[in-house]
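Here's the structure we're looking at; comments come further down.
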Amino acid sequence: MSEHYERVKIELQQMKEVENEAAADGEQLSPASVSSIPAEVSFTARRDLSRSSVNGRSRSKSRSKADGHERQVNDKELPDPTAQKSNSSQGQSRVSNEPNLHIKGTARLLKGKTAANGHVETCVRQTDGKCEHHGKEDGSKAAKKRRAVTVDTSKAKTSLEALKMSIRQLKWKEFPIGRRTACDIYWHGVSFHDNENIVSGQVNKFPGMIEMLRKINLSRAVRTMQELFPEEYNFYPRSWILPEEYQLFSTQIRLLKDNDSTLKPTYIVKPDSGSQGDGIYLIRDPADLRVISGAQIKQAVVQDYIQKPLLIDKLKFDIRLYVLVRSLEPLEIYIAKEGLSRFCTEPYQEPSQKNLSHVFMHLTNYSLNVHSGNFVHSDSCSTGSKRTFSSILYRLASKGVDIKKVWSDIIALVIKTVIALVPELKVYYQADIPPGKPGPTCFQILGFDILLMKNLKPILLEVNANPSMRIEHEHEVSPGVFEYVPSPVDEEVKVGVIRDTLRLMDPAQRKQHATSNTGGGSPEEAIVVETGSDEKEGMADSLPSLCLKQVFPKYTKQFHYLRVVERIAAIFLRFLGVKGTMRLGPTSFRTFIRNCKLSNSSFSMASADILYIDITRRWAGMLPDSREAGMCLQAFIEAFFYLAARRFKALPLREQVVLLLEVCEGALEGQSHSEKPRTHRSHTHPNPASSQTSAATTFSSPALTRRRQRPLQLSAKANTEN
Ligand code: ADP
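Per UniProt numbering, the very first residue in the sequence shown carries number 1; after that it's consecutive.
As structure tokens, then:
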């Protein structure tokens, strides 16, 4: 082993020791040391994903050219699920002697422990918090004793193959065409609503996630957080929402250029519900915006283009990371220790008028670059146009980069982004599954797309509600004729993510998790018992250790203070009631003002009505698709900020908002003593007004003075309540 491999190995070992120590110390890591991956990185013989195994398993299935392999599955474009039939890779080990980074937990089952069909010969299930490891015979006896976990895969669509492999590895029971009685887990390919009328079990999608992750809504959610915590949320490029902020964008750019004529900023324009690079283009002047399409004004986000990305082999690349939101209440987030890096296929140059249209240089989407003549399908995880993220970390570590810091920054980015999404997700959740009504609980795997800047700062590009879980790619065997070929890199990463998500959602384990959470424990006290949590045991006896690493509530203490908007959402939900709506009516808004004791001589109920009407009307104009009338959460947040600024003048916005929250929560708490207690669902249900009062009241950063971009203009006339 070369000297520099040795050096990296030592460095990584040290990181692991640091993390172990931190774990022993109660996981109180400083944000700069919030790191997981490096601690899990070790050297193994490289699993060379050799061509021969690929060819041996290639399924010749001719079809005309359609969606790209990495095409994001969304509600608009779904490749036919039946078109992917395969018996790919069934746990075959591909080992060569070349050293490489190996992230534990993502690996296929260990050599000698995997039967030819990919099934595990030993069984690990959890009953009483300890992993039970059985030999082959013991395992089957134990399996007989316990009812296998049942999974409805009938709506899995393009995740089907990776899902089937995962279920086989876990020895669970698959229901490929659904089941008359309830299943434990429902795996949906697109949305929560793929199967209607599920009244129990767990679904792998949250209601509203697709909507929340459209580019405009994500930008809005992050922007709200940027207003409160600009420094903490500076990982998302400055964005403008089109068409409503077209004028603002034009004016700001003109001013910028007028002030400094040498500046040549570039902007990237992305259609709101686009994916896979569709419709994306770069501009250097607002006049180049293509705002109108036919008779319609296009909904899009335009944002600062990151001009200096980190390059490897002179190429721009991004990182796809898989993140599991295991529950909203309490909030539980896991990050996969392994991800994918997708490379451009034309050497990068900073944007110039000449190269603005070079998509293979500027856009890292697989679905685009796969059509470039330069795309390299590699069987190795560390070469080619799609690589594992650990291979990138390895490259960086070997150059002396502090990869632990890179990881801690990425983890922080992920936690902060999820915190920005949670308030509105809770509104969707309550609308679909009102407290007290039967319904499933939810979890979801998200695909985070992250760009590393030259200075190694991670930037959030977008979050995918339905990241591609396909483990094969199209191969053009003759012009226009394609066959599906297993993609070892994809399989390596994605099967681990699905399998370990299932392990974490094992009902037996969840039950225990719920038990461990009873007694009203705070998020900090929530103990998550991971199946196979003892890594050595897991590795030695059967399944690999989990490739998903809990980051929240693990790092609650560092990030809890950011959960301010969630507290506003809790108040919103409380006044929304449980009627399945997402909009607050004027009467409910009045009740909010009255119950929170917010009206006084300088802010009358008539002023409250005006406030309601002005804000609601403006938001209705910004959300043209909306069928429901009333005040949406974002509008309520804006009203809340306005009330906070009125009442606590001269303080930074964040302090104003927290102070107003205390006023409201105090008033509501007094009232709730005399009210009948609300019905509580299981611990995963986001009970609207529950537990929020414990959220942050501290200020950890310097006072911030930025205000909302759209100043309120109260209209002159008061409107009466309807
Ligand atoms: P899509 O959903 O269509 O893939 P993305 O937001 O992921 O849209 O953007 C597509 C690609 O464009 C990204 O993978 C990345 O390579 C590039 N990109 C997106 N936003 C930026 C940005 N702000 N700066 C630089 N490159 C970007």
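All residues carry an ideal CB built from backbone N, CA and C; glycine is no exception.
- Per DSSP, P486 lies in no alpha helix (DSSP H) segment; the continuous beta strand (DSSP E) that holds it begins and ends at V481 to P486.
- Only residues of its own chain outside the window of five on either side were considered, and among them A162, M165, S166 and I471 have a CB closer than 7 Å to the CB of V495, listed in chain order.
- Distances taken from the Cβ of I216 to the heavy atoms of ligand 1 include none shorter than 6 Å.
- V323 has I335 and L446 as its beta-bridge partners, per DSSP.
- Annotation for S239: S219, V301 and Q303 place their beta carbon closer than 6 Å to its own, counting only its chain and skipping 5 residues before and after.
- Comparing alpha carbon positions, the residue from S398, V401, K337 and I283 closest to S352 is I283.
- In the DSSP annotation of this structure, D278 is not part of any beta strand (DSSP E), being labelled neither H nor E.
- By the C-beta density criterion, V414 is buried, having at least 16 other C-beta atoms within 10 angstroms.
- For I410, the shortest C-beta to heavy atom distance toward ligand 1 is 6 Å or greater.
- Contact check between the segment 401-418 and the segment 274-291: fewer than three CB pairs, one atom from each, fall below 8 Å, which does not count as touching.
- With a cutoff of 6 Å, K270 counts as near ligand 1, since its C-beta is closer than that to a heavy atom of the ligand.
- Residue state for P271 is assigned as strand, using DSSP reduced to three classes.
- R618 has its alpha-carbon roughly 36 Å from the corresponding atom of L321.
- Beyond the five residues adjoining it in sequence on each side, P467 comes within less than 6 Å, by CB distance, of G447 in the same chain, given in chain order.
- Going by beta carbons, T345 and S378 fall outside the 7 Å limit.
- For R646, the enclosing alpha helix (DSSP H) begins and ends at L633 to R647.
- Here the distance from the Cβ of Y305 to the nearest heavy atom of ligand 1 is below 6 Å.
- The alpha-carbon separation between Q349 and L311 amounts to approximately 10 Å.
- Spanning the alpha carbons of I459 and F317 requires a straight line of approximately 12 Å.
- Per DSSP, F572 is one residue of the alpha helix (DSSP H) stretching across V564 to L576.
- For the pair M505 and F443, the CB atoms are nearer than the 7 Å cut-off.
- At a cut-off of 6 Å, the beta-carbon of N365 counts as near ligand 1: some heavy atom of the ligand is closer than that.
- In this structure, the C-beta of Q276 approaches ligand 1 to less than 6 Å from one of its heavy atoms.
- The Cβ atoms of D152 and R180 lie no closer than 7 Å to each other.
- For I613, the uninterrupted alpha helix (DSSP H) segment begins and ends at M605 to M622.
- Going by DSSP, Q550 is part of the beta strand (DSSP E) stretching over L548 to F552.
- Judged by the Cβ position, E462 qualifies as a neighbour of ligand 1 at the 6 Å threshold, a heavy atom of the ligand being closer than this.
- Inclusion of P237 in the 6 Å shell around ligand 1 follows from its C-beta lying nearer than that to a non-hydrogen atom of the ligand.
- If the five residues before and after G580 are omitted, its C-beta is found closer than 7 Å to the C-beta atoms of A431 and P434, all from its own chain and listed in chain order.
- With fewer than 16 other beta carbons inside 10 angstroms of its own, D260 counts as exposed.
- The DSSP-derived three-state label of M469 is coil.
- Judged by DSSP in its simplified three-state form, I177 adopts coil rather than helix or strand.
- Annotation for S239: no alpha helix (DSSP H) segment contains it, though the beta strand (DSSP E) segment containing it runs S239 to L242.
- With distances taken between CA atoms, A645 lies nearest to Q656 out of F636, Q656 and I637.
- Of the other Cβ atoms in all chains shown, 16 or more fall within 10 Å of the Cβ of E474; this residue is therefore buried.
- Pairing I185 with S154 gives a Cβ-Cβ distance that is not under 7 Å.
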